């Protein structure tokens, strides 16, 4: 069974979802929780059988689909992808179990199970076409979730979300076709296998064009400035569960794809575009943080804060060294946990008051002390306080990029200031002061169902902040091989010097800090 | 000895978690008692460690586990008890024990009694991490941890707008400085390959001066935030919104001295860059004077003491900047004792006066509050630096250091500030305890604080009096780690002139303060007196208009710019152009829909047009095939194959 665990993780929720239509409406919630629970247990099993000392792909599965064009069903995980898969199944589980009163709850649960299939598929796929299929399929359940359960502007928001990301993906698909064609020209056989593409060394001019094609697809998904405007609408209109999954997992597809495709396939182009992208990332960090500060709706604050944090992730990715890339992958997980929790928390108050405007609140710490405590913890994690999960990722990302540019890191480091400004301001508006609005005076504190989702997230936030090693070690191993691959493949001198060679690096570690590792 | 290290470090954590269990329940006396007990346990452990170090024992060094390890980076949770950190541990645990016990009385009637102890102990834990860590990253954990606790405690009474505002201000301003600190850490890591103090400092002498200078500057920016040095000082005075025991512990004795501790800890670095050191010393001297001048006219008891803290931090930075690290640490220690005492005394007065802060509305309190009167007077004497109190030994030493290092301007500024210090301290004492009983107008019946609070304060009182006598023992201990420069003025005559001169100057300042505020009748200022309309008074009472400038030229523009970014740029430019592109497609579809009208003649027309278009495409394609070689040349020139 372990040989096919990835296929099982991908298709189990989908099959269970189809069967879910047969389940009675009253018991569908229990059914959903059970399926998601099994899925989560499977992903945990994946983690326990995962060998963290191996840097390459594990649990590989291969099945020919269209052999003539080298399209195969190839799956595999390494330290970069395995934790995002676990995170996805985790969020599906707590997402389903924290669902409140929802109309058409059966459809919602089936949709979420399908979404889980596509998410697991994207992160496990090692064939470009397979990746593309899951990538696009993931849009459909989300389109449905926003369009069917969203707020008043839901149709506009969902169509915008779909068309915008879909357009970007098409350009990416063209890039993939070209890539396969170049592979065919170089070797005489067609292949869409990513691992085989890794071996292909392209001239710099090709790399630049292909990088740009892939970039458009990824950048819209992340979303990077100036392609980010679909996100506030999507979050603003989506129901809580939609926002949670969107922020926690779907956004990570873009940043993950940068590390899976752009960096190892186009090392020279990555170096070439490093500074322009870093500038975009810094704009994301500072500009969207300021926009977040201006928001009146607490959900929009969290939505824009997501964009701001994604900027740090992008920056860490393009640090092109082990510290930075490991940090950015860790921050993907961290941001998933923290922003997911924040959206859940916003959902808690929305369920009670049916408004998200901060001016409606104030003094909530008097009425809902437990809620205020958990919100405070998550806010501090989002601000990047040490010993919370976010700090590890943010620190490593910035530390990594410092090697590339001092000034840009200084600017990007503003993240810790502007982040504190909008978060503390929002927290103050919601929780501090006297209770002025009569409607808030008798709000019930968080209930058991909500705590069931929030407490595990709070525990993870602190646990991985203090002890990040279980994640950081496998991530580090896989990232090392990516960086080494990039260094070996790089053609230009600029790229050779910007991307460190680890063979030498390890020696330095051994001499200077003998107790390390 | 490891056991005592763990006890000292983790009993505050246990205390915090224990109290946290009861945050949602009504006041429980035992949380305060248990919390205080655990903090005292940390104090006892620290004392044992101190005697161990004093008796020549080895430095205690433990590594708990790895925190972060990736690439070449390796950061453990490592803790070290050496001569410097044990001094800090003593200061932290002693003052926090006193403050914990005191708070049982002070927070007696507060709804958030249990919550208060949870936060306060969490602060002690963070501070212990800060001072005990053996690497920069661990220091940063503590650094941010104390920032968080400071935020929680300043905003402890979160129903008050001013308190939460001050809490956010403190946190954000500290964050600005933390960015500098973070960049400093990056510089250390990429240039020395490690963040462990020992290895990093060992690698520093071989680095270029430029890099070291930047390192020193950025780390000092971090120190400026925590220690509230100009221009990041405004948060400290506003932080007085927190409960008074918090002010005593965090904003006088411990957290604000973290910056000084950082400079002392990084002494191998600052020794290599004397220019940065000189800058630190000059800034310190400036802040010493600047803060003291604001304390002269202020009418808020706690703010006066806060400015005094700021001023004394300036003194410490002068010593640290001039390379006299042990002197800086000594003044840090002495200052912690008498300043915490002063704040706790102020807390007693506040309780007696029903949270009145304006000393002009008090007066004559020495009768009902005899013990507090004596304590605050002695603390002020120590602060003014009168022989043989603690301040005399530590502060005069800083003056001597500056003259021995030939920085006469710094010396004169510091000397003048010593006079100002004596004046404002005794202005406060005179206004509160002497003169007419002005409070009677407000119908207040002051009463002395609980006995056990006064007993809790007494260790600080004793130390404020006798701390100076530890000087030589202390000197021998810390100079195992810090540069052992002894500062003696060369000629004996000069030494006596300086010392006695300073004493006379300070005593005159005290006498002047008494004459003005205790002997002659004091009226509550109402904005009409001649002095209040003077320009310099206005500048001082408005804190040199710095908070106003920050509000008008930083906070407001930031808020407005944010709104512009959102409403104008994000909505009207970025998003509108996306929607615009989408609209083009929609309208093209909308417009071309008329083609499919079903009318046979129009359809035929379009068919002809289509055929023409296709034919011309065919022609273009045919030409392209014919001249494909030439086109390939052009394309390859463009980078397309």
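Residue numbers (our numbering), protein chains in the order written: chain E, -7 to 509; chain G, 562 to 1202.
Backbone N, C-alpha and C define an ideal beta-carbon position, used for all residues, glycine too.
Note that this is a predicted model, so its numbers are computed, not measured.
Separation of residue 994/G and residue 934/G (C-alpha to C-alpha, rounded to the nearest whole angstrom) is 7 Å.
Listed in chain order, the alpha helix (DSSP H) runs fully inside the stretch 1025 to 1052 of chain G are 1032 to 1039, counting runs of at least 4 residues. Interface residue (Cβ-Cβ distance to chain G less than 7 Å): residue 99/E is not classified as such.
DSSP places residue 219/E in the coil class of the three-state scheme, outside both helix and strand. For residue 357/E, at least one C-beta of chain G is nearer than 7 Å to its own C-beta.
The stretch 937 to 950 of chain G and the stretch 1022 to 1029 of chain G touch, with three or more beta-carbon pairs separated by less than 8 Å.
When the Cα atoms are used, residue 665/G and residue 594/G turn out to be separated by approximately 7 Å. Interface criterion met: the Cβ of residue 1123/G is under 7 Å from a Cβ in chain E. The stretch 404 to 414 of chain E and the stretch 372 to 388 of chain E touch, with no fewer than 3 CB-CB distances between them shorter than 8 Å. The CB of residue 1139/G comes closer than 9 Å to the CB of 152, 156, 218, 219, 221 and 222 in chain E, given here in chain order. Contact with chain E is found for residue 733/G, since one of that chain's Cβ atoms lies less than 7 Å from the residue's Cβ. In the assembly as shown, residue 684/G is a buried residue. Its beta-carbon has 16 or more other beta-carbons within 10 Å.
Residue-level contact by beta carbon fails for residue 382/E and chain G, as no gap is shorter than 7 Å. The stretch 684 to 714 of chain G contains no complete beta strand (DSSP E) run of 3 or more residues.
For secondary structure counted as the alpha helix (DSSP H) over 4 or more consecutive residues, the stretch 158 to 220 of chain E holds these complete runs in sequence order: 186 to 189 and 196 to 213. Using a Cβ-Cβ cut-off of 8 Å, residue 634/G is close to 315, 388 and 391 of chain E, given in chain order. In terms of Cβ geometry, residue 1123/G and residue 285/E form a close pair [threshold 7 Å]. At a Cβ-Cβ threshold of 7 Å, residue 303/E and residue 354/E do not count as neighbours. The beta carbons of residue 66/E and residue 24/E sit no closer together than 7 Å.
Under the Cβ distance rule, residue 373/E does not count among the residues neighbouring chain G, no pair being separated by less than 7 Å.
Per DSSP, the continuous beta strand (DSSP E) segment holding residue 628/G begins and ends at 621 to 631. For residue 58/E, DSSP records a beta bridge to 63/E.
DSSP, read as helix, strand or coil, puts residue 636/G in strand. Taking a C-beta distance under 7 Å as the contact criterion, residue 991/G and residue 1074/G qualify as a contact pair.
Listed by position along chain G, the residues whose Cβ is nearer than 9 Å to that of residue 291/E form an empty set, because the closest Cβ is around 15 Å away.
Of all residues in the stretch 778 to 802 of chain G, none places a beta-carbon less than 8 Å from a beta-carbon of chain E. Not one beta carbon of chain G lies nearer than 7 Å to the beta carbon of residue 167/E. The residue among 180/E, 490/E and 213/E with its C-alpha nearest the C-alpha of residue 244/E is 213/E. Between the stretch 377 to 395 of chain E and the stretch 447 to 463 of chain E, the count of C-beta pairs closer than 8 Å reaches three or more; the two stretches touch. Under DSSP, residue 69/E takes part in a beta bridge, and its partners are 50/E. Under DSSP, residue 117/E forms a beta bridge with 67/E. Short of 6 Å from the beta carbon of residue 471/E, and not among the five residues preceding or following it, lie these beta carbons of its own chain, in chain order: 314, 317 and 318. Residue 438/E carries a coil assignment under DSSP once its states are collapsed to helix, strand and coil. For residue 181/E, the closest of 247/E, 59/E and 437/E by C-alpha to C-alpha distance is 59/E.
About 15 Å separates the Cβ atoms of residue 1056/G and residue 956/G, ruling out a contact at the 8 Å cut-off. When the five nearest sequence neighbours on each side are left out, no beta carbon in the same chain lies closer than 6 Å to the beta carbon of residue 46/E.
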